[in-house]
Every structure is written in C-alpha cells, then in structure tokens.
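Residue numbers (this note's numbering), protein chains in the order written: chain U, 245 to 547; chain L, 1265 to 1542; chain W, 6 to 360.
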Amino acid sequence: MTVVEALLSQEPDEREATPEFEAAAARQESRRGFLMALPAYAYLVLFFAVPLIIVIVYSFATRNRFGGTDLSGWNLDSYAKLGEPIVRDILFRSVWLALLTTIICLVIAYPFAYFLSTRSPAIRNVMLVFVMIPFWTNFLVRNYAWRVILGNDGPFTRTTEALGLGEQELLFSQTAVVLGLVYGYLPFMILPLYAAVERIDHGLLEASRDLYASGYQSFRRVLLPLSMPGVIAGSILVFVPSLGAYVTPEILGGAKTTLLGSYIVTQFLTARNWPFGASLSFVLMAIMLVTTIIYFRKGGRTL
Amino acid sequence: MSSAVTPRGWTKFGLHLNGWLVYLFFYAPIVLLVIFSFSASRNVGTWGGWTFEWYGEFAGTQNARNALEASLKIAIISTVISVVLGTMAALALERFTFRGKQVFDGLLYLPIIIPDVTMAVMMLLFFAEFFDVINAVFGIQMRKGFNSIVLSHIAFNISFVSVVVRARLAGMDTKLEEAALDLYATRWKAFRYVTFPQIVPGIAGGALLAITLSLDDVVITQFVAGPGWTTLPVYVFGLIRKGVTPLINAISVVMLVGSMSLVALSLVAERVRGGEHG
Amino acid sequence: MNSTPAVDIKGITKRFGDVVAVDNIDLEIADGEFFAMLGPSGCGKTTTLRMIAGLDFPTTGSLKIFGEEVGTLPPNKRPVNTVFQNYALFPHLNVIDNVAFGLRMQGVAKAGARKQAVEMIELVHLGGLENRKASQMSGGQQQRVALARALVNHPKVLLLDEPLGALDLKLRQEMQGELKRLQKELGISFVFVTHDQEEALTMSDRIAVMDEGKLLQVAKPEEIYERPANRFVADFIGQTNLLDGTVEDASTVCLANGARVRAKSSFPVGEKVAVSLRPERAQIAQRDDAVDGGSAVDGVVESVTYLGNARVYGIKLDWMDLEVREENRPGATLHEPGSQVTIAWDSEAVSVVAG
Chain U
245 MTVVEALLSQ EPDEREATPE FEAAAARQES RRGFLMALPA YAYLVLFFAV PLIIVIVYSF
305 ATRNRFGGTD LSGWNLDSYA KLGEPIVRDI LFRSVWLALL TTIICLVIAY PFAYFLSTRS
365 PAIRNVMLVF VMIPFWTNFL VRNYAWRVIL GNDGPFTRTT EALGLGEQEL LFSQTAVVLG
425 LVYGYLPFMI LPLYAAVERI DHGLLEASRD LYASGYQSFR RVLLPLSMPG VIAGSILVFV
485 PSLGAYVTPE ILGGAKTTLL GSYIVTQFLT ARNWPFGASL SFVLMAIMLV TTIIYFRKGG
545 RTL
Chain L
1265 MSSAVTPRGW TKFGLHLNGW LVYLFFYAPI VLLVIFSFSA SRNVGTWGGW TFEWYGEFAG
1325 TQNARNALEA SLKIAIISTV ISVVLGTMAA LALERFTFRG KQVFDGLLYL PIIIPDVTMA
1385 VMMLLFFAEF FDVINAVFGI QMRKGFNSIV LSHIAFNISF VSVVVRARLA GMDTKLEEAA
1445 LDLYATRWKA FRYVTFPQIV PGIAGGALLA ITLSLDDVVI TQFVAGPGWT TLPVYVFGLI
1505 RKGVTPLINA ISVVMLVGSM SLVALSLVAE RVRGGEHG
Chain W
6 MNSTPAVDIK GITKRFGDVV AVDNIDLEIA DGEFFAMLGP SGCGKTTTLR MIAGLDFPTT
66 GSLKIFGEEV GTLPPNKRPV NTVFQNYALF PHLNVIDNVA FGLRMQGVAK AGARKQAVEM
126 IELVHLGGLE NRKASQMSGG QQQRVALARA LVNHPKVLLL DEPLGALDLK LRQEMQGELK
186 RLQKELGISF VFVTHDQEEA LTMSDRIAVM DEGKLLQVAK PEEIYERPAN RFVADFIGQT
246 NLLDGTVEDA STVCLANGAR VRAKSSFPVG EKVAVSLRPE RAQIAQRDDA VDGGSAVDGV
306 VESVTYLGNA RVYGIKLDWM DLEVREENRP GATLHEPGSQ VTIAWDSEAV SVVAG
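Put into structure tokens, the structure is as follows:
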C-alpha cells in the first residue's frame, strides 16, 4: 500500500496550461504507471522471460556422454530428432488425444451450458456452484479418484461384471487417459461456454423461430454462431493443457500411451537428454502459441 | 421462462438427462473416493468395513506431515507476494499508459497459456544456471528447495492474480475515481477509499486462485524441488507411481476437503458481501 | 452578485492526440448564473465542463475561477463540484457516507461531516433514506443524492453533466424545477451540459451553443431562438426552415427561386445567406385568399400531421420543402394534401443567418 501511496502522491501546480505542461504531466503519468508495473515486470523478466530464453538456448545445445549439456557447439540435432518415428508417434498421439478430449468436452458441455442458461436464476446459481467445485478441486486428487475406480477389482470392474460384460480392464489405456482428461478439463469448457450462451438474448431465438427457422436451424444459424467465442475459448482452455498433460497419463495411462508431457519429463528426470527435452518443450509451446494467436486473431478477447 | 422456443419432447429430455449425467460424472468419483478412504480393505477399490486407520497413518507419517506443512507455507508466501505484485500490475495496465505496456501485457499473459511441462522445464534449466551465477557472484551456495519452489509459484501466480484483478478494475466505472477527486480526495485517498474497496473482491478472488494453483501444482514443483523440500501433491504423486495404497486415499480426501473449504470460504465471503449490497 | 466572473475561460484549446476537442474558446460565466452548454454529442461541451472541474487539463489557455488561475490544478484543489452523468455514486457506501465523502476528504471530523450530510439530505428531500445503498434507490433518488453530495461542500460553482439524461420525462420535468429552486436558494452558478435544447431553453439564464469544439453563440435563450448566430444554431435550437438566398439590400433577400422576401440583415450585399423561418411563425392560406404579412411563397400541401394541439403541414415548394405549424384553434381551416396554398410571414418573424 505504501508503495502505491508514494506513486499516487501529487504536487500542486498553479499555472496557466501550456502544451509543455500537458506533455510533462503525461510523462509523469507514464512514469508512475511504469513504476507501478515495474516489480511484476522485473519479476517476470527475470523468472519467466530469461528461463524461456534459456530453454531455447538449450534446445540448440549438445548432450555430452555423461548426460550433461555442452552449451558450446550449437546444432539442430535436437530438432532433427523430432522426425524419428518414436517421437513422431508420440507427437501425433498427443495431438490426437488432446483433440479427442476437446471434442468430447464440447459435445458434453454445449447442451449442458445451454440447459444451464434456461434455468431460473436461483437454480442456475446453485448449478453453477456445483460446476465450480470440481473446477477448484485438486486436479491430482480428481485423477487419482479414477485410478481407484478403474483399478484392479475396483467399482468399474465390479459393475461390468454385474452387467454381464465380463471383467473389463480400462486402466492404463488411452481410453482411461482421455476419460481422465475429460474429467479434469470439462469445467474449463463449461464455464466459457455458459458465459457465451448466457449473454445471448433469448429474443433472438424467438425471432429466428418467428422467421420460420426450425429448432435445429435456429441452433445452427443463431445460437451457435453467437456462442462461437465461448466455443473457441473453451476449446483452447481444454486443448492446450491436454496436449501438455503429464499427471493424467502418468496416473491412468500405461507404457504404450506415452504422451508429449511425460516424454519431456523423461528427458529431464531419467534419460538426461536436456537439449532434446528443451526442443520438445519449445515445440509444445509453439503449438500453444499458434493456437492462442489464432484465437486472438479471430477476435476473441477473454481466456 | 417458458416460451415457444423452450425445448420440448426429446430435446428437452436429452438436455435434462445430459445435465444430470454431467453432475453424476463430476461427483460420483469424488464420493466413491471419500467412501473408500474409510474402507478397511488394503485393496483401495474394495469395501472392507469402516475404519479410520488410514487417516491415522497419515497423521503418523512424518514425510507426509512435512510435505503438508511445506505445501501450506509455500502456498501462503507465494500467494501474498503474487497478490501484491499482480494487483500493482493490474492497476498499471488498467489505469495508466506507459512505454513498454504492450510487451508487459503480453509477458503477463504467457504464464497463463504456457503448458505446465514447458514452464517446469524452463524453471529447471533456469535454476540450474541461476544458482551457479549466484554462487559465482555472491559466493552463497544455493540449492533447489523452498526458495526455488516459491519463486516458481510466484512466476505463474502473478499473472492469474493480475487477470482477475484487472477484470474487476475494467468493470469499475472510472467516473467513481473522478468523483472522488472532484470531492477533494487526493489520488492516494481516491485509491484507498474508492478504488480499493471496489476491487477487494477481485483481489480476494485472485488470492484464492493463486493459493489453489499453488496447492495444485505437481509438475513445476517436482522439477524445482530439492532435497528435504517436497509439497503434498508431489509427495502423493510419488506414492501413486509406486503403487496405490489406502494411505493415498486418506491423503487425497484431506486435500479434497482442503480445496472445498477454500471454495466454501469464498462463497461465504461473497454471501456476506452480497448481504451488504442487497 | 460578484463582478468577478465565476468562470473565466480565455483561449482554451484541448487536444487529444490529433483530435481537437475544444478549439480556442473564450467564455465568461457570471456568479449566480444558470448557464447551459448545449450541442450535439462530441461537440466539446463535456470536455469544457471537465476542464472546469479539473478532470482534464487544457492544452493551452487560461482558466480562472473567481479570478484565480486553476488551469493546471488537480480537481481536489478546485472550489467546484460535479454532478456526474449517471451520478457515479460510490456503490460500497450508503447515502450518508456518499454525501459526507467530500467533507471527510477535506478533513472534517466524522460526526461533523455526518451532521452536515444529514442536513443536505433533508434539503434534497431524502430524509430517512440515509442508510440506503445507492443501488437500492430509484434514478430520481440517486440524482438527488448526487446533488447533495456535491452541494454539501458549498462549491462556488456547481457543474452538472447531463444531470437529467437518465430520467423519464415526468421526473425530468420535476427535477428541472427542483434544480432551478436550489440554484436560486443557493445563489451560486450552475453550469450544466445538455444535448436537450428544450431543457436548455427552459432552465438557463444563458446558453452556450457548441459544435465541433467551437463556441458558436453565447446568449440568453430568447436571443438564441430569435436571432441565431448562424445556420447551425438556427437548425439545432428548435425547428426551423432554412431558405437559401443572397442579400440584395439591408432589408431584402433574394431566394434561390428568384423570389424576393423582406428580411433585415447586416450582411454585405451579394452574401450567400439563409432565411430562418420557424414553422410556427408562418401562416398558411388557400392560394387565392388574401394574406397579410411581408412575404409569401406558393406551394402545395404534401402531408398533414395531427399533433393534438397543432397541425404540422409539409409543404412542397418548387425548389424546397417547408414545414408550417398551425395551432389547433376552433374554426381553423384544414388544408387537405394536394391543396394549393400560400405561405406568408411577417418580416419581423424571420432571421437571416450566414449561408
């Protein structure tokens, strides 16, 4: 507070207005704003921008025989490695599972968001709270819950047996990973979608029906286009973390379902190939940046 | 709200069914986890009669208790610092223009959209180099641990706090501040008595988000944690990878209750504020 | 009344980047005057008000309040207060704390500030509502709180930015009277910004008409209406018909169709001008009926709009359209669309403005 106080204190000035005074006042405002931003600015430069640059530098470095990294001798070896079949498979699998997760979330969340927006305000608030709770609940714990359910002799197996489907094993499969991701990120899809759908004037739907649209047509031609910002925001919020997911595949996935996130971690914690890990991280970030830039280009503003 | 455009028939049925299934999907796993945490069976997914044994084991495990304590310490310290820095950043961006503003704005967004894993790698490599530099310049031996975890958590939390506070500031009419100035308030008093009370909910929301994210983080913390310092989620994650045990059920439920208490606290706070208004 | 002007503006210009919001204006507002600033949105009237308040600083020029230069003084150091558009009441404070805010900021002790606030709340007829929040009050009540919040500080000049803009018609009229009453009672100048010309005409002692950052005319309401300084003012204040023409001599204008009409002006001979004819100043008669008055033009009735207390005729002339308004008196002749009519007016009824 005292810092803010010092920045907002002012000197009285009893003079006729001149362009010089105006410019000086503008400069002073600008200086105050800069000083106000400075602590966070400096922090992020030191503890975010510099680390980011270090990652990029590392991605061009060489791994030596002892698992250390030689920063001299820059080369593109780590990026060349991205073309290897194993790595390519992991990249494609990660993108595919992230896309699948996004689509499933969208299919579940859209009707849900619309349903929510048609409830009376009191009920809607209660329903929203019950969407917010999983949103705020520890992610690791929520994934772990599925490990318990899908686990050996757990509730899932018992249910499939009771239904006469035999002993189904879901754990350590891609299906389990997608299930965990959908479970983890569904609130990220519901909330922006709801925000977008709720803003739409109900009268517009009535108008479209008045103008001879069928129920489907008024969804397709009015509701969906108007809620597009929510669809895009929700999709990015689900796609980006799914693509870099590490915890979920580690808990619910198996050896055959290695995804990009886990693969990167492996490079650092076990394989000790830091330059390659750095290049993979950079690729992951690049995909994320391109996705979000496309979103902002399309006129989206809120994430 | 019923009119000709309200869905009817199968569409209506589908919407309702989907609604209830979503809630079932959200809450069934959580409820089952809570139930099994009281199960006496050694097999985590099997019911074996009531017991509190696993909670007792949690209380008796020194490592788990240390991890819990570390988690709370790290969360609180990183939240306090990121709330101060994030709020100032939000004020600067919403109420001032200055050179470098756009770059700052972009830089502030990056930690939000960057994947956890990438940020974890960034911090790992950074501290590998940074501590060497510190050692060379100041001659202090610094090792990964409490400091590196807190510094990393602040790095992503500043952004989340500033986004939440900014949204609140953007929704506040600047005429209110002008009215305060017109009514003989200095710039500082206008902030203290008008702007600040208006953005308190945003600051509280930002703080809640920061503390939650700090308590949630696994990947980044795992990369920058050092000997003797681990947080509860990283500890639990390590246990899960070794194999699931009823102890994990109990710790998970404790974490669950922690998260939910935070949410409940924020809801109560909102209710109190709402009561003042309405 | 004080002979020093309450507000004295000399050569004030305000630029926002490349946009000139206020363009070199001079303006004096007397003490105790009810002064309106009128113009379309974006004309610079609100910027001028904000400069008097100190919320914007002029780029150049001198701004004095009771003789004291305040051009670069921050708002909290000026003896003026503002009633903001949409009121800007502090949502986290109740009525009494809103009203006491200015006093508290000036260092008045809490008890004293509250006591004065209560008195002021009584003065604006809101006694008993001291502990309400702004959000729990109607628009009219919020308006009164905003007034009380400004007036409790005993400003030397009260500034009002579209104060009645958010109210419905009935409340508006009630508040117009209330504002007049308060201003008389307090004896200080009220400077108020509005885009509603009727409001400006009925309430103010003097009106300043602005457009595109320029001050077009500053005068009493009658003068603005009767003798507009230019085409824009004539058109903006009330309804009018502008008949283009050229000055032939000091009392004759030759219209675009060649007809000569009597209209006094001081423009040089040959100057392009427009004759401003108010719809209610013209008389309408069947073509062959005799009409008295100085000038007349022939036309055809195109439309009739019934207003209850009057009828408005749309008249088609050979070279332009006119509007004529006729009071709905018993026995008034109704002219059907298509009728051949003559429009006549007295030479005193028109004014000549630069074309």
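C-beta: ideal position from N, C-alpha, C; glycine also.
Here the structure is a predicted model, which is why all the values come from computation and not from measurement.
Is there a C-beta anywhere in chain U that falls below 9 angstroms from the one on residue i?
{"i": "W:T257", "result": "no"}
{"i": "W:G66", "result": "yes"}
{"i": "W:P63", "result": "yes"}
{"i": "W:T77", "result": "yes"}
{"i": "W:I17", "result": "yes"}
{"i": "L:M1352", "result": "yes"}
{"i": "L:N1399", "result": "no"}
{"i": "L:K1408", "result": "no"}
{"i": "L:S1478", "result": "no"}
{"i": "L:N1327", "result": "no"}
{"i": "L:S1342", "result": "no"}
Whose C-alpha, out of the options, is nearest the C-alpha of residue i?
{"i": "L:V1508", "options": "U:R465, U:V475, U:N396", "result": "U:N396"}
{"i": "U:E249", "options": "L:L1355, L:V1347, L:F1391, L:M1383", "result": "L:L1355"}
{"i": "W:A299", "options": "W:G319, W:W350, W:I242, W:I14", "result": "A quick correction: the sequence has Gly, not Ala, at residue 299 of chain W. Taking only the C-alpha atoms, the option nearest W:G299 is W:W350."}
{"i": "U:L448", "options": "U:P436, U:F463, U:L435", "result": "U:F463"}
{"i": "L:F1289", "options": "U:Q461, U:C349, U:F416, U:V301", "result": "U:C349"}
{"i": "L:S1426", "options": "L:P1379, L:I1345, L:R1535", "result": "L:I1345"}
{"i": "U:D321", "options": "U:F540, U:R541, U:W518, U:Y539", "result": "U:W518"}
{"i": "W:M208", "options": "W:K219, W:E227, W:L220", "result": "W:E227"}
{"i": "W:R267", "options": "W:N246, W:D254, W:S8, W:K19", "result": "W:D254"}
Anything in chain C within Cβ reach of residue i, meaning under 9 angstroms, just list it in chain order.
{"i": "W:R154", "result": "The structure shown contains no chain C; the protein chains it does contain are U, L and W."}
On the premise that residue j lies in contact with residue i, defined as a C-beta separation below 8 angstroms, what is that separation, rounded to the nearest angstrom?
{"i": "W:H200", "j": "W:P45", "result": "6 angstroms"}
{"i": "W:V129", "j": "W:L152", "result": "6 angstroms"}
{"i": "L:I1515", "j": "L:V1527", "result": "Between L:V1527 and L:I1515 the Cβ distance is about 19 angstroms, and since that is not below 8 angstroms, they are no contact."}
{"i": "U:R192", "j": "U:P378", "result": "Residue numbering for chain U in the displayed model covers 245 to 547; residue 192 of chain U lies beyond these limits and cannot be assessed."}
{"i": "U:G478", "j": "U:M433", "result": "4 angstroms"}
{"i": "W:L54", "j": "W:V198", "result": "5 angstroms"}
For residue i and chain L, any beta-carbon pair shorter than 9 angstroms?
{"i": "W:A93", "result": "yes"}
{"i": "W:Q111", "result": "yes"}
{"i": "U:I508", "result": "yes"}
{"i": "W:T87", "result": "yes"}
{"i": "U:V565", "result": "Here chain U comprises residues numbered 245 to 547, so residue 565 of chain U is not present and cannot be evaluated."}
{"i": "U:D397", "result": "yes"}
{"i": "U:A389", "result": "yes"}
{"i": "W:F272", "result": "no"}
{"i": "W:A268", "result": "no"}
{"i": "W:R20", "result": "no"}
{"i": "W:H159", "result": "no"}
{"i": "U:E405", "result": "no"}
{"i": "W:N81", "result": "yes"}
{"i": "U:Y429", "result": "no"}
Is residue i close to chain W? Criterion is C-beta to C-beta, closer than 9 angstroms.
{"i": "U:P378", "result": "no"}
{"i": "L:A1533", "result": "no"}
{"i": "U:P283", "result": "no"}
{"i": "U:F265", "result": "yes"}
{"i": "U:A269", "result": "yes"}
Q: Determine which residues of the region 1419-1449 of chain L have a Cβ less than 8 angstroms from any Cβ of chain W, and write them out in chain order.
A: Result list: D1437, K1439, L1440, E1442, A1443, A1444, L1445, D1446, L1447, Y1448, A1449.
**Q.** Near-chain W residues of the region 1451-1474 of chain L (beta-carbon distance less than 7 angstroms), N- to C-terminal order
**A.** K1453, V1458, P1461, Q1462
Q.
As an exercise, report each continuous alpha helix (DSSP H) stretch of at least 4 residues that is fully enclosed by the region 274-347 of chain U, in chain order.
A. Taking only runs of at least 4 residues, the alpha helix (DSSP H) segments lying wholly in the region 274-347 of chain U are 294-303, 321-324.
Q. Can you list, in chain order, the stretches of the beta strand (DSSP E) that have 3 or more residues and sit fully within the region 183-249 of chain W?
A. 194-199, 211-216, 219-224
Q) Taking the runs of the beta strand (DSSP E) that are 3 residues or longer, which of them lie wholly in the region 50-111 of chain W? A) 65-70, 85-88
Q: Please go through the region 1389-1435 of chain L and give each complete alpha helix (DSSP H) segment of 4 or more residues, from N-terminal end onward.
A: 1410-1434
Q.
Please give me, in chain order, every unbroken run of the alpha helix (DSSP H) with length at least 4 that falls completely inside the region 1318-1381 of chain L.
A. 1326-1359, 1365-1377
Q: Identify every run of the beta strand (DSSP E) within the region 263-307 of chain W, keeping only runs that are complete inside it and at least 3 residues long; order them along the chain.
A: Whole beta strand (DSSP E) segments, 3+ residues: 265-267, 277-282, 288-291.
Q: Pick out the complete alpha helix (DSSP H) segments inside the region 498-537 of chain U, 4 residues or longer, and give them in chain order.
A: 504-513
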